[in-house]
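Enquirer: Heads up: take any position in the sequence shown, counting from 1, add 4, and you land on this note's numbering. Here a beta-carbon is modelled for each residue, glycine too, at the ideal position from N, C-alpha and C.
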Amino acid sequence: MSKTMQKGFTLIELMIVIAIIGILAAIAIPAYQDYTVRAKVSELVDSAGACKTSVEEVYQAQGTLPTTGGNPDAGCSTQATLNAAAPAVAAGRITITAAGTLNNQLTAAGSGNVLGFAPVLAGGAGSPITGWGCKAADGSTIAAKYLPGSCR
5 MSKTMQKGFT
15 LIELMIVIAI
25 IGILAAIAIP
35 AYQDYTVRAK
45 VSELVDSAGA
55 CKTSVEEVYQ
65 AQGTLPTTGG
75 NPDAGCSTQA
85 TLNAAAPAVA
95 AGRITITAAG
105 TLNNQLTAAG
115 SGNVLGFAPV
125 LAGGAGSPIT
135 GWGCKAADGS
145 TIAAKYLPGS
155 CR
């Protein structure tokens, strides 16, 4: 009597491994897609960064938020980027609309495509700007899962 040793894997073992890999991929791919959209939304936040500083400077110098004239009055850039249109300013509020592939990804996911920033005044009109709000009440239409943590 000779004993034979099994070499390799059985078909069942291979099918179990493939099923496990499939389950992991089904979880990881949507999470990765959301992550890439969030990373692109950060480009909108960066576009607003310099504009926020300009609006604050105009407010400190003139005592009022820029209301007319849009970007030139507020001192904001008129340059668009790959994923962001140029920031628009009205009544001190800054809005940036997604462009290009980011716009396509947001609208395909059922989300809006506008990130809005509103100045937070410490004690009402005439008081200093203490921060910037970017929630839905401030003009953002992008789904909360794609926004930075401070905007949720």
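Which class does Leu119 belong to by DSSP, given the choice of helix, strand or coil?
Expert: Three-state result, Leu119: strand.
Enquirer: Determine, using beta carbons only, whether Ala122 and Gly137 come nearer to each other than 9 Å.
Expert: Closer than 9 Å, so yes.
Enquirer: Considering only the alpha carbon of each residue, which of Ala95, Thr40 and Gly104 lies closest to Lys149?
Expert: Among Ala95, Thr40 and Gly104, the Cα nearest to that of Lys149 is on Thr40.
Enquirer: For Arg156, is the classification buried or exposed, using 16 other Cβ atoms within 10 angstroms of its Cβ as the cut-off for buried?
Expert: Its Cβ having fewer than 16 others within 10 Å, Arg156 is exposed.
Enquirer: Straight-line CA distance for Ile100 to Val118?
Expert: Near 6 Å, if we compare the C-alpha coordinates of Val118 and Ile100.
Enquirer: With contact counted as at least three CB pairs below 8 Å, one residue from each stretch, are the stretch 53 to 69 and the stretch 25 to 33 in contact?
Expert: Result no; under three Cβ-Cβ pairs closer than 8 Å.
Enquirer: How would you write the range of the alpha helix (DSSP H) that Ala35 sits in, first residue to last?
Expert: That run of the alpha helix (DSSP H) goes Leu15 to Gln66.
Enquirer: Check for me: the beta strand (DSSP E) holding Ala94 runs from which residue to which?
Expert: Here the beta strand (DSSP E) through Ala94 covers Ala92 to Ala94.
Enquirer: Where does Thr111 fall in DSSP's three states?
Expert: Helix at Thr111.
Enquirer: Can you look up Ala78 in the DSSP assignment and give me helix, strand or coil?
Expert: Three-state result, Ala78: helix.
Enquirer: Once the 5 residues before and after Arg42 are set aside, which same chain residues still bring their CB inside 7 Å of it?
Expert: Excluding sequence neighbours, Arg42 sits near Tyr150.
Enquirer: With 16 as the cutoff for other CB atoms within 10 Å, does Gln109 come out buried or exposed?
Expert: Buried is the call here.
Enquirer: With which residues is Ala102 paired in a DSSP beta bridge?
Expert: Note: Ala102 sits in a beta bridge opposite Ala88.
Enquirer: From the DSSP output, in three-state form, read off Gly135 for me.
Expert: Correct three-state label for Gly135: strand.
Enquirer: In the structure shown, what three-state DSSP assignment does Ala126 receive?
Expert: Of the three classes helix, strand and coil, the one that applies to Ala126 here is strand, per DSSP.
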